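Here the structure comes first, spelled out in structure tokens, and everything after it is commentary.
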Amino acid sequence: MDTGATHHLTPNLNKLNSHTPFAGSDKVMVGNGNRLNISNIGHSTISSTSRSLNLKNILHVPQLTTNLISVNRLCTDNNVTVEFFTNGFVVKDQASKKALLQGNLNYGLYKLSSSAPSRRYQDPDDNKLAGRTSLTTEVPCMSSTLQLSNKADLWHFRLGHPARKIVNKVLSACSLPPEHWTGVCEPCQMAKSHRLPFTLSESRASQPFALVHSDLWGPAPVVGTNGARYFVLFVDDHTRFSWLYLLASKDQAISAFLQFKVMIETQFDTKVRMLQTDWGGEFQAFTNTLCKFGILHRVSYPSTSQQNGRVERKHRHVVEVGLSLLAHASIPLKYWPFAFQSALYLINRLPSSVLNFSSPYKTLYHCLPNYSFLRVYGCTCYPFLRPFNRHKFAYRSVKCTFIGYNSKHKGYLCLNMSNGKIHISRHVIFYELDFPFAKPSTVQSPCRVSPTHCAIPLASPITPISSLLPSSSSPSSELVPISDTSVSISSSEVAPIPTAQPSSSHVSSPCHPMTTRAKNGIFKPKIFLSPNKTIFHPLCEPNSFKEAVKVLEWQQAMHLEFEALMSNKTWVLVPPPPNQNIIGCRWVYKLKYKPDGTVERYKARLVAKGFHQTPGFDYFETFSPVVKPTTIRVVLSLALSKNWSIRQLDVHNAFLNGDLSEQVFMTQPPGFVDPSKPNFVCKLTKALYGLKQAPHAWFTKLSSALVKWGFSMSQADTSMFVYCNNSVMLVVLVYVDDIIVTGLSSLLIEQLISSLNSCFALKDLGPLNFFLGIEVLNSGSSLHLSQAKYICDLLQCAGLSESKSMASPMAVGLVLSIADGTILEDPTLYRSLVGALQYCTITRPDIAYTVNKLCQFMHAPTSTHLQAVKRVLCYLKGSLFYGLSFQPSSSLNLIAYTDADWASCPDDRRSTSGYCIFFGGNLVSWSASKQKVVSRSSTESEYRGLANATAELTWIQSLLKELFVPLFQPPVLYCDNLSTTYLAANPVLHSRAKHVEIDYHFVRERVLQKTLDVRFLPSEDQVADILIKALSTQRFLHLRSKLTVLSRPVCWRGDVKKLTACLTT
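Just so we're aligned, residue 13 is where the sequence shown starts under our numbering, counting upward by one.
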């Protein structure tokens, strides 16, 4: 790994997957000053744990002696980071922070190993610690564990993911030498990332319970399985020993303290002398109670949490360890009460630097804790259940998940996932490398307790929630503290707690083949629902913040968006200014899909309520162009014919890069209100999605950067930018934050991407494959553009997934009228479907005529029109994988076809005209539209259609001129009407044509200038016939193929099952 290299280098040509001779004159300068020749340039990949990393533009230098990987290129091309340590390095995914590759330090050089990093290891001596008795004289519980390769890692897992020096202290206490650490713990990185600490207070109480710190944590974003939403901590300042009490509401904190006080007085024969808290509402009620018992109440200054740092840090410690336990075992968040209880159990037994590396347990009880009792949290376990079997043939054990320790009984808590029971057993067999919840087939049941088993319910809140408990049960209202002194056991049955967030196991995966479920014994799990509650499916797009906050994935998405806003310094908090327009904001949620229909990511976006803005006051310019579909198709056809590389880029939070020239004030976002400044408002310094001027500000920023780098903005399409320097040309197409880059020089493309990445948060999506909902399949010799996923979703929305497919979009001879059928009471469905079909025409010109006809009835649709819409959808279902097919061509000429009917509309007798334009044999533009005025003859109707096609041809010519594409012959425009052809070629105006004089002169001028060649062709060869009327099936299919609307090639049909699965599930 070379941090100083500008390119990847290799002396071995066989290391490259593909390569070409290096045509340049550049040489490689090495450390001794020598310049080495470059023979070839190519590409290669490195396989990692989850994806392949691309090594682009590798230089083949035969005189080198070793391979060099440029750290800069590796990070830029793959969106990764590299962390170097004293004994090695780790390559991580920049978004997920997941470790992808690792390497070691050999003789002062960082070398990439051939194997991917592993979180778990195997060690033949891992039972040494359990076998030693120097820490305790108690006999350990009977257990069995698998083995890891490094005992330091294993005990790091067992002890709840503490710091390395803490694990080494434990090993040292067990007379074992500290071991070498072999990797980075991913759960720790995920759960423990935090800001730098404040200066710690060095004062410490002289004896136990002279000073107790307390604070309340919550509400939890996910309600615990017993309804708990908060917990309160009590931390002894002298010993740092802590107690945790789960609460259903804040007002239960006072009851928790009273139970804690009685427990301390009974168990330790002493009294709490001073209690330190913040001045939160839950602690204000403590004043009278503390005065009654003579306990001093010391409170921190408002909004200064650092003065209550002992317990604040303990909160963070408990949450971090608890989340680490959940993450490591992939346990759902609804089990957080168990994880946090176990976390505190472990923290109380870990050495602390504050206590000179003694543990709180030893400091309080003056004896060493029993470490041999610990097991990896969340692993598979088999408790001995023979005493509770109902008959002799019952199995002696069942597969469970280890979810914690029980302080009242010397045993483990084991969750039976099949029925939700929690067993306490001393005799447990453990498999510490196996985690049931990490398996996708894990079935979770609501946690409950059977009176016939020795089981413990999920830790109960201080007060039962009566609406969630069955009337037949009377559970104890006693608070359950988590310490070494008391955990209450109940044999009463606890009803499953319905929450708004179901576990992932409640959703059966749509990817399971139906033919193999029964064979493999896989059955759909039962879903337990309360009749008064509804489950919000995590794969649904929430309509409000209230719905989204109940789902972990959406919570994470909102946090990522908020962090991006903060890092971009999008606003500053200020007091509400007088006489200013303060606009609102809201969260908008969107699921991003891959081309095969699977979820790629959850996207949450904070959007300003721009409709609250006042024109001329807090916004002025609003226009922002986007690239035209025709421009995209022309550039793709050109790139294919010239064998250019086509790359796709995505700008993260693009609008946030735009600069605001106006003063705009906005309320703080829901869920992220600053608690220290709740009444302040956001003064925006950057453009935000939803603002009227945001698109304009972003486009201005991007276009200015491109022009600065030598690009010129197209006059034909202002969203196209062209760079031309001698024979080198690059083309950039911009559609808001989605960018296409193409050109002959791959090196120049890489330089442009690097420049863009230095200015904006950019994601390189690699070769173009999915753009604006259009799937682009590139075989190198052809392109195929389709919208199969989009059509599949549309069929589901219309409820036509199970419908019968049709051979054509419209029945031959069908004439739609405004008077057909009965008017729909609610036209919403019709309008939404027709609008969605309009977007389908981007790659499906075969439905352009039908969709245009249906658009004419948007103001008052009828049942007949809705039936016509359903027929189009049924046709699309039968041609789901059809789309535009592009082929390379050496002859880049323009050929167009135009046609029109006459007075076909029964309502206003206007005509319909259509045209299609081919560039290099590829269809790039088409239209089917009703004419604006009534034509008095078929010649007039055809001539108006001819003029429309000529206007489009003229525009495409200007576009090609800016792309430096010469046309060696004028565009050819075919028409099947002889009168129209003669009228275009002869300067004669007669009575039937004088009222189209403007169109006449427009076409005639171009014919005389020889920039247009109008020709006649027979009607049976007229390709544009499909754009002006409904045809018979045979004729329709023939012309559809002429439009190059073809099915996906066989070599690209590997994902057909995934896409068609949505039509059957």
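Idealized CB from N, CA, C, for every residue including glycine. Every value quoted in this text rests on a predicted model; they were computed, and no experiment measured them.
Nearest neighbour of PRO627, chosen from SER636, VAL676, PRO588 [CA to CA]: Of the listed residues, the one whose Cα sits closest to PRO627 is VAL676.
What does the Cβ neighbour count give for ARG398, buried or exposed, with the cut at 16 atoms within 10 Å? Note on ARG398: under 16 other CB atoms within 10 angstroms of its CB, so exposed under the neighbour-count rule.
Since PHE450 and ALA351 should fall inside the 8 Å C-beta cutoff, what is the C-beta to C-beta distance between them, to a whole number of angstroms? According to the sequence shown, residue 450 is Ala rather than Phe. About 15 Å separates the two Cβ atoms, so there is no contact after all.
Straight-line gap, GLN799 to PHE898 (C-alpha atoms, nearest Å): Each residue's CA atom was taken as its position, placing GLN799 and PHE898 some 15 Å apart.
Keeping to the same chain, check which residues put their C-beta closer than 6 Å to that of GLN106; ignore five residues upstream and five downstream. Excluding sequence positions up to five before and after GLN106, its CB lies within less than 6 Å of the CB of ASN91, VAL92, THR93, all in the same chain and listed in chain order.
Beta-carbon proximity check, ASN29 vs SER56, cutoff 7 Å: One thing to note: ASN29 has its Cβ within 7 Å of the Cβ of SER56.
Throw me the rounded Cβ distance for the ALA17 and LEU80 pair, which I believe falls under 8 Å. For ALA17 against LEU80, the beta-carbon gap comes to about 5 Å, under 8 Å, which counts as contact.
Exposure label - TYR994; buried when at least 16 CB within 10 Å: By the neighbour-count rule (16 or more Cβ atoms within 10 Å), TYR994 is not buried but exposed.
State the CB to CB distance for the pair TYR389 and LYS411, rounded to an integer number of angstroms; the pair is presumed to be in contact (CB under 8 Å). With a Cβ gap of about 16 Å, TYR389 and LYS411 do not count as contacting.
Below 8 Å on the Cβ atoms is my guess for GLY596 versus THR679; work out the distance and round it to an integer in Å. Between the beta-carbon of GLY596 and that of THR679 there is about 5 Å, and that keeps the pair under the 8 Å contact cut.
Kindly indicate the opening and closing residues of the alpha helix (DSSP H) around ASN84. DSSP places ASN84 in the uninterrupted alpha helix (DSSP H) bounded by 83 to 90.
Assigned secondary structure, LEU21 (DSSP; H/G/I helix, E/B strand, else coil): In the structure shown, LEU21 falls within a strand segment according to DSSP collapsed to helix, strand and coil.
Alpha helix (DSSP H) containing CYS886: first to last residue? CYS886 -> alpha helix (DSSP H) spans 875 to 890.
Nearest to ILE765 by alpha carbon, out of GLY785, VAL744, PHE783? Nearest of GLY785, VAL744, PHE783 to ILE765, Cα basis: VAL744.
For LEU25, is the classification buried or exposed, using 16 other Cβ atoms within 10 angstroms of its Cβ as the cut-off for buried? Of the residues assessed, LEU25 falls on the exposed side of the cut-off, its CB having fewer than 16 other CB atoms within 10 angstroms.
So, helix, strand or coil for PRO344, using DSSP? If DSSP states are grouped into helix, strand and coil, PRO344 belongs with coil.
So if DSSP puts GLN660 in a beta bridge, which residue, or which two residues, is it bridged to? Bridge partners of GLN660: ILE752.
Determine the contact status of HIS19 and SER82, defining contact as a CB-CB distance below 7 Å. A contact, by the Cβ cut-off of 7 Å.
Please classify GLN567 as buried or exposed, where buried requires at least 16 neighbouring CB atoms within 10 angstroms. Around the beta carbon of GLN567, a 10 Å sphere encloses 16 or more other beta carbons of the protein chains shown; the residue is thus reported as buried.
Completely contained beta strand (DSSP E) runs for the stretch 331 to 418, where each covers 3 or more residues: Annotation: the stretch 331 to 418 contains the following complete segments of the beta strand (DSSP E) (minimum length 3 residues), in chain order: 392 to 395, 412 to 418.
DSSP bridge partner residues for CYS426 (one or two, in chain order): Answer is PHE414, HIS435, bridged to CYS426.
Does PRO349 pass the burial test, meaning 16 or more other C-beta atoms within 10 Å, or should it be called exposed? By the Cβ neighbour-count rule, PRO349 is buried, with 16 or more other Cβ atoms within 10 Å of its own.
Element boundaries [alpha helix (DSSP H), containing GLN763]: Unbroken alpha helix (DSSP H) run through GLN763: 758 to 771.
7 Å Cβ cutoff met for PHE684 and LEU585: Judged by beta-carbon spacing, LEU585 lies beyond the 7 Å limit of PHE684, meaning their Cβ atoms are not closer than that value.
Considering only C-alpha positions, which residue in the set ASP911, ALA915, SER991 is nearest to ASN960? Closest option to ASN960, Cα to Cα, is ASP911.
Between the beta-carbon of LEU661 and the beta-carbon of ILE751, is there less than 7 Å? In contact: LEU661 and ILE751 (Cβ atoms closer than 7 Å).
Is the beta carbon of LEU335 sitting closer than 7 Å to the one on ALA203? Yes, Cβ-Cβ distance for LEU335 and ALA203 is below 7 Å.
Can you name, in chain order, every residue of its own chain whose Cβ lies under 8 Å from the Cβ of PHE7, other than the five neighbours on each side? Residue 7 lies beyond the residue range present for the chain, which begins at 13 and ends at 1077; the question has no answer from this structure.
Contact under 7 Å by Cβ, SER649 with ASN934: A contact, by the Cβ cut-off of 7 Å.
Kindly identify the DSSP beta-bridge partner or partners of ILE803. Answer is none; ILE803 lacks a bridge partner.
Using the beta-carbon count (16 or more within 10 Å), is HIS796 buried or exposed? Counting Cβ neighbours within 10 Å, HIS796 comes out buried, since at least 16 surround it.
Rounded C-alpha distance that separates TYR605 from HIS309: Going from the Cα of TYR605 to the Cα of HIS309 covers about 55 Å.
Top-ranked residue by Cα proximity to ILE359, from GLY785, ALA175, PHE772, LEU866: For the options GLY785, ALA175, PHE772, LEU866, the alpha carbon positioned closest to that of ILE359 is the one of ALA175.
8 Å contact criterion, which LEU245 and HIS327 should meet: CB distance rounded: The beta-carbon distance between LEU245 and HIS327, rounded to whole angstroms, is 6 Å. This is short enough to meet the 8 Å contact definition.
Relative to the alpha-carbon of LEU780, which residue among SER657, VAL719, TYR701, CYS867 has its alpha-carbon at the smallest distance? Looking only at SER657, VAL719, TYR701, CYS867, the smallest Cα-Cα distance to LEU780 is reached by SER657.
C-beta atoms of GLY926 and ALA1036 nearer than 7 Å: Pairing GLY926 with ALA1036 gives a Cβ-Cβ distance under 7 Å.
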